[in-house]
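What follows is one structure encoded as structure tokens, with my remarks underneath.
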Amino acid sequence: MSKTSLTGLHRFCCGLLLIVIGSACSSRPTPEQQLATLEAELLNSPTLTVSFEVIATGAFAAELRGTLTIMGDNQTSLRADGSFGGEPVSLHLGSTDTGLVGGNGDNQFAVAQPAALREALVIGLTRMGILHNLARLTSVQPPDHADGGVQNWVQADSLTGGGDSLSFSIIVAGQPSGEATLLFSDPQTLLGREQVVNFPGGSMQVTESYTITSSGTGISSVSLISSMTM
579 MSKTSLTGLH
589 RFCCGLLLIV
599 IGSACSSRPT
609 PEQQLATLEA
619 ELLNSPTLTV
629 SFEVIATGAF
639 AAELRGTLTI
649 MGDNQTSLRA
659 DGSFGGEPVS
669 LHLGSTDTGL
679 VGGNGDNQFA
689 VAQPAALREA
699 LVIGLTRMGI
709 LHNLARLTSV
719 QPPDHADGGV
729 QNWVQADSLT
739 GGGDSLSFSI
749 IVAGQPSGEA
759 TLLFSDPQTL
769 LGREQVVNFP
779 GGSMQVTESY
789 TITSSGTGIS
799 SVSLISSMTM
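Each residue of the sequence shown is one higher than the one before, counting from 579 in my numbering.
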């Protein structure tokens, strides 16, 4: 093959490579789109089951394992057992014919069915981690913002990355509260959560692991890595 032919072939291959790379980049969702798609899948699944394990060490210790199930628009069941602050806990949350019951062992609350319970649980998990709402159950309180407004209360800001990792600042009630990185094996399948919470007397390290089954979607597992200051 002549030198001229080789040069032409080289240019053709380089041009084809640029087209392939450009096409891949243009089809890749933005970080905002990737997070929105993940949350939409979790919010819209007819039945969503999350098996979870939470381990916290450092300034505050906790070890909890359990399962959260969300059915339809707002029917919920949660059980978690383990220790929280060195004390044994048995946490529960469940929808009834008349409302929502939850708490820690025999200490429980009973309220009317919150209008935005599913949204509070899903957005709380993706943006803050499940430990936040488990902590509320230990103090016999329903999930945060279960009556509405959770997406305005906790926000993911300044998103970067995408694909196998997604980073953002956590904004709670308008105040910067931490940084999070979500790691993906594919755009909608996450692998785990590690979190550092800073207190005046020290820091707490948190690891959360989730396995998710979701009817009507392809989600199989969720995980998240983040660092928060409190």
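Where is the CB? At the ideal position from N, CA and C, for every residue including glycine.
| task | Decide if S673 is buried, meaning its Cβ has at least 16 other Cβ atoms within 10 Å, or exposed. | result | By one-based count along the sequence shown, residue 673 stands at place 95. In the assembly as shown, S673 is a buried residue. Its beta-carbon has 16 or more other beta-carbons within 10 Å.
| Near Q811, what residues of its chain come up, given a Cβ to Cβ distance below 8 Å and the 5 sequence neighbours on each side ignored? | Nothing in the structure corresponds to residue 811, since the chain is present only between 579 and 808.
| query | Where does H723 sit, in a helix, a strand or coil, going by DSSP? | reply | Taking the first residue of the sequence shown as 1, we reach residue 723 at position 145. In the structure shown, H723 sits in coil (DSSP, three-state: anything other than H, G, I, E or B).
| field | Beta carbon of G779 nearer than 8 Å to that of A634 | value | If you number the sequence shown from 1, residue 779 lands on position 201. If you number the sequence shown from 1, residue 634 lands on position 56. Cβ distance not < 8 Å, so G779 and A634 don't count as in contact.
| task | Provide the residue span of the beta strand (DSSP E) that contains I701, from first to last. | result | Working through the sequence shown from its first residue, we reach residue 701 at position 123. Per DSSP, I701 belongs to no beta strand (DSSP E); it is in the alpha helix (DSSP H), L695 to M706.
| message | Please classify F762 as buried or exposed, where buried requires at least 16 neighbouring CB atoms within 10 angstroms. | response | By 1-based counting over the sequence shown, the position of residue 762 is 184. Looking at its Cβ environment, which holds 16 or more other Cβ atoms inside 10 Å, F762 is buried.
| field | Straight-line Cα distance separating Q783 from A614 | value | Position 36 of the sequence shown holds residue 614. Position 205 of the sequence shown holds residue 783. Taking the straight line from one Cα to the other gives about 27 Å.
| field | Secondary structure of P666, DSSP reduced to three states | value | Along the sequence shown, read from residue 1 onward, the residue named residue 666 stands at position 88. Of the three classes helix, strand and coil, the one that applies to P666 here is strand, per DSSP.
| query | When the Cα atoms are used, what is the spatial distance from P666 to E772? | reply | For the purposes of this step, residue 666 is taken as residue 88 along the sequence shown, with counting starting at 1. For the purposes of this step, residue 772 is taken as residue 194 along the sequence shown, with counting starting at 1. Taking the straight line joining both Cα atoms gives about 23 Å.
| message | Do A658 and L712 count as a contact pair if the criterion is CB distance below 8 Å? | response | Taking the sequence shown and counting its residues from 1, one reaches residue 712 at position 134. Taking the sequence shown and counting its residues from 1, one reaches residue 658 at position 80. Yes, the pair counts as a contact, with Cβ atoms nearer than the cut-off.
| field | Terminal residues of the alpha helix (DSSP H) in which N551 lies | value | This structure leaves residue 551 out entirely; the chain is present only between 579 and 808.
| query | So G739 and P609 are in contact, right, with Cβ under 8 Å, and what is the actual spacing, rounded? | reply | Within the sequence shown, numbered from 1, the residue matching residue 739 stands at position 161. Within the sequence shown, numbered from 1, the residue matching residue 609 stands at position 31. Rounded, the Cβ-Cβ distance is 6 Å, consistent with contact.
| Nearest to D651 (by Cα), restricted to the options G726, L695 and V732 | Here the question's residue 651 lines up with position 73 in the sequence shown. Answer by Cα proximity: L695.
| Shorter than 8 Å from the beta carbon of G644 to some beta carbon of chain C? | Absent from the structure: chain C. Only one protein chain is present.
| field | Length-filtered (3 minimum) beta strand (DSSP E) runs lying within the region 738–768 | value | Considered as a whole, the region 738–768 harbours 743–750 and 753–764 as its complete beta strand (DSSP E) runs of no fewer than 3 residues, in chain order.
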